[in-house]
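Residues -26 to -1, 1 to 380 in mature numbering (1 follows the signal peptide of the UniProt record, and there is no 0) are what the sequence shown lists, from first letter to last.
First up is the structure itself, then whatever we jot down about it.
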Amino acid sequence: MARVAGEATMTSLLLLLLLLPTAATGGRVTKGWESAVERRRSVLDNGLGMTPPMGWNSWNHFHCDINEQLIRETADALVSTGLAEVGYQYVNIDDCWGENYRDSQGNLVAKQSTFPSGINSLADYVHGKGLKLGIYSDAGTQTCSKTMPGSLGYEDQDAQTFASWGVDYLKYDNCNNPGTNPRERYSKMSSALQNSGRDIFFSLCEWGVDDPATWASSIGHSWRTTGDIFDSWDSMTSRADENDKWASYAKPGGWNDPDMLEVGNGGMTTEEYRSHFSIWALAKAPLLIGCDVRSISEDALEILSNSEVIAVNQDSLGVQGKKVVWGGGTEVWAGPLSGGTVAVVLWNRGSSPATITAEWSDIGLSSSTVVNARDLWAHSDTASVQGELTATVDSHACKMYVLTPQ
Ligand code: GAL
């Protein structure tokens, strides 16, 4: 154990040394990035999550109605639709995968009626497709559905089980807890994962109740900042706003999580889903698809596969873009990217078309800077833009750009 801890420390030190020159010499060094580097040292420092995770999760569309066939078919569909190729790699099973008891040795057991082949064989299948498998547990006595045990008091044993099954990602929920400090309960699982012998992405899901942005970066790779998202405009916009408050805490290795994507589930218009995806990408949120990928619509596939928008999310600088101007239903969101470029979203949250302007002073450019403006949804360029960027934007729609100084 001491050897493992020693190795982890060395790895972290090397990582820190590698990151420091980047931060010092990069085109745009922001305050957030500098402090991000200072906070880089973490307990669960296994090199994962250097960019936000991308994948799929069963909860938003299927809730408890899941089985191994669905997981296999989803892995197949991620590959056949091209979504795997643009970066969606995690296939994450949410609540309800297990029996409501532990075996005689105290191990969690996959539900015989729905996962008869077991999680290990599912992991083999998913890995065979070049993807990774995620699973779900809870820092309490039972999961939120109350259909299976939680991991409280069994952290080491369950982490060992997950590692032995070949699991790559753990979402860790917060239901049925004894009222004790989440920081302690989540730290225990973090250490257990670190000692499990496998690199496992650790996603904290305590719904933002104890301000995890302020402490979770030393424990996990992402932390929910909000309650559950629902497939509606109001739910999506309020999650975006709640998450925005914590922007300065995001960094490579640890991300704010405003909950999973609803794109493709049918409750919002195509333009609303485009806004949802643009803001999640800009905010460096985990991009976890929440629809039925096996029967995904063309519109949803076009949104989720936009590799120019995905590139903003996966940018190596890792600074969360945020809301910089708002009022009267129109908003400008922006954030720096590597190489001195800037990502901008002009978002119309009002009920009629509006003209929205981002002034250079709002988005961190000096007034004399001349840029090429790349429209990431129209896939077109406007050269020699100076001082401000203006567009007319339909109700509930957005325009998203990357500005490159010429
Ligand atoms: C909630 C969690 C959801 C989902 C659900 C499962 O607490 O926020 O994302 O995991 O539990 O029961």
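Note that CB positions come from ideal geometry on N, CA and C, so glycine has one too.
Sorted by chain position, which residues of the same chain lie with C-beta nearer than 6 Å to Arg268's C-beta, five sequence neighbours on each side aside?
-> The residue labelled residue 268 in the question sits at position 294 within the sequence shown. Within the same chain, Arg268 has close Cβ partners Glu47 and Ala51.
Can you tell me the Cα-Cα spacing of Glu216 and Ser78, whole angstroms?
-> As a position in the sequence shown, residue 216 is number 242, starting the count at 1. As a position in the sequence shown, residue 78 is number 104, starting the count at 1. Roughly 44 Å between the two C-alpha positions.
List the endpoints of the continuous alpha helix (DSSP H) containing Arg248.
-> What you label residue 248 is simply residue 274 of the sequence shown in a count that begins at 1. Counted as a single uninterrupted DSSP element, the alpha helix (DSSP H) harbouring Arg248 occupies residues Thr244 to Leu256.
Own chain partners of Gly108 with C-beta closer than 6 Å, once the 5 adjacent residues on each side are dropped = Residue numbering aside, residue 108 sits at position 134 when the sequence shown is read from its first letter. Taken in chain order, the residues that qualify are Tyr64, Asn66 and Tyr143.
Could you tell me the boundaries of the beta strand (DSSP E) in which Gly301 lies?
-> Within the sequence shown, residue 301 is the residue found at index 327, counting from 1. From DSSP, the beta strand (DSSP E) with Gly301 extends over Lys296 to Gly301.
Taking Asp349 as part of the beta strand (DSSP E), name the residues at either end of that continuous run.
-> In the sequence shown, residue 349 corresponds to position 375, counting from 1. For Asp349, the enclosing beta strand (DSSP E) stretches over residues Val344 to Asp349.
Going straight from the alpha carbon of Val100 to that of Asn94, what length do you get?
-> Position 126 of the sequence shown, counted from the first residue, corresponds to residue 100. Position 120 of the sequence shown, counted from the first residue, corresponds to residue 94. In this structure, the CA atom of Val100 is about 10 Å from the CA atom of Asn94.
Could you pull out every residue in the same chain whose Cβ sits closer than 6 Å to the Cβ of Glu246, ignoring the five residues on either side in sequence?
-> Here residue 246 refers to the residue found at position 272 when the sequence shown is read from its first residue. Within the same chain, Glu246 has close Cβ partners Trp207 and His370.
Give, in chain order, every unbroken run of the beta strand (DSSP E) that is at least 3 residues long and sits entirely within the region 138 to 203.
-> Every beta strand (DSSP E) of 3 residues or more that sits fully in the region 138 to 203 is shown, in chain order, as 143 to 147, 175 to 178 and 196 to 198.
CA-CA distance, Gly114 and Leu178?
-> To locate residue 114, count along the sequence shown from 1; it is residue 140. To locate residue 178, count along the sequence shown from 1; it is residue 204. Taking the straight line from one Cα to the other gives about 13 Å.
Buried or exposed: Asn31, going by 16 or more other Cβ atoms within 10 Å of its Cβ?
-> In the sequence shown, residue 31 corresponds to position 57, counting from 1. Classification for Asn31: buried.
Among residues of its own chain, excluding the 5 on either side of Ile40, which ones have a beta-carbon nearer than 8 Å to its beta-carbon?
-> Looking up residue 40 in the sequence shown gives position 66. For Ile40, where only same-chain residues beyond five positions count, the Cβ hits under 8 Å are Ser32, Ile67, Asp68, Cys70, Trp71 and Thr88.
Between the C-alpha atoms of Ser341 and Gln294, what's the straight-line distance to the nearest angstrom?
-> The sequence position of residue 341 within the sequence shown is 367, counting from 1. The sequence position of residue 294 within the sequence shown is 320, counting from 1. Straight-line measurement puts the Cα of Gln294 at about 23 Å from the Cα of Ser341.
Nearest to Ser209 (by Cα), restricted to the options Leu235, Leu82, Gly228 and Ile45 = Looking up residue 209 in the sequence shown gives position 235. When only C-alpha atoms are compared, the closest one is Leu235.
Quick one, which of Lys120, Leu275 and Val319 has its alpha-carbon nearest Ala257's?
-> Here residue 257 refers to the residue found at position 283 when the sequence shown is read from its first residue. For Ala257, the nearest C-alpha among the options comes from Val319.
In whole angstroms, what is the alpha-carbon distance linking Ala328 and Ala137?
-> Translated into positions along the sequence shown, residue 328 becomes position 354. Translated into positions along the sequence shown, residue 137 becomes position 163. Between the C-alpha atoms of Ala328 and Ala137 there is a straight-line separation of about 52 Å.
Expressed to the nearest angstrom, what Euclidean distance is found between the alpha-carbon atoms of Asn148 and Asp112?
-> Walking along the sequence shown from the start, residue 148 turns up at place 174. Walking along the sequence shown from the start, residue 112 turns up at place 138. Asn148 and Asp112 have their C-alpha atoms some 6 Å from each other.
Would you mind stating whether Pro27 and Ser279 have Cβ atoms separated by less than 8 Å?
-> Translated into positions along the sequence shown, residue 27 becomes position 53. Translated into positions along the sequence shown, residue 279 becomes position 305. Cβ atoms of Pro27 and Ser279: not closer than 8 Å.
Could you work out which residue in Gln360, Leu261, Gln288 and Phe204 is closest to Ala347 when comparing CA atoms only?
-> Here residue 347 is taken as the residue at index 373 of the sequence shown, counted from 1. Distances from the CA of Ala347 to each of Gln360, Leu261, Gln288 and Phe204 were compared; the closest alpha carbon is that of Gln360.
Is DSSP giving Thr210 helix, strand or coil here?
-> Translated into positions along the sequence shown, residue 210 becomes position 236. This sequence places Met at residue 210; Thr is not what is there. It is helical.
I think Pro260 touches Trp307, with their Cβ atoms under 8 Å apart; what is that distance to the nearest whole Å?
-> Position 286 of the sequence shown holds residue 260. Position 333 of the sequence shown holds residue 307. Not quite, the Cβ-Cβ distance comes to about 18 Å (not below 8 Å), so this is no contact.
Can you give the beta carbon distance from Ser170 to Ala133, rounded, assuming they're within the 8 Å contact cut?
-> Position 196 of the sequence shown holds residue 170. Position 159 of the sequence shown holds residue 133. Distance from Ser170 to Ala133 at the Cβ level is roughly 4 Å; contact confirmed, criterion being Cβ atoms closer than 8 Å.
From what residue to what residue does the alpha helix (DSSP H) around Glu276 run?
-> Residue numbering aside, residue 276 sits at position 302 when the sequence shown is read from its first letter. Glu272 to Leu278 is the span of the alpha helix (DSSP H), which, as asked, contains Glu276.
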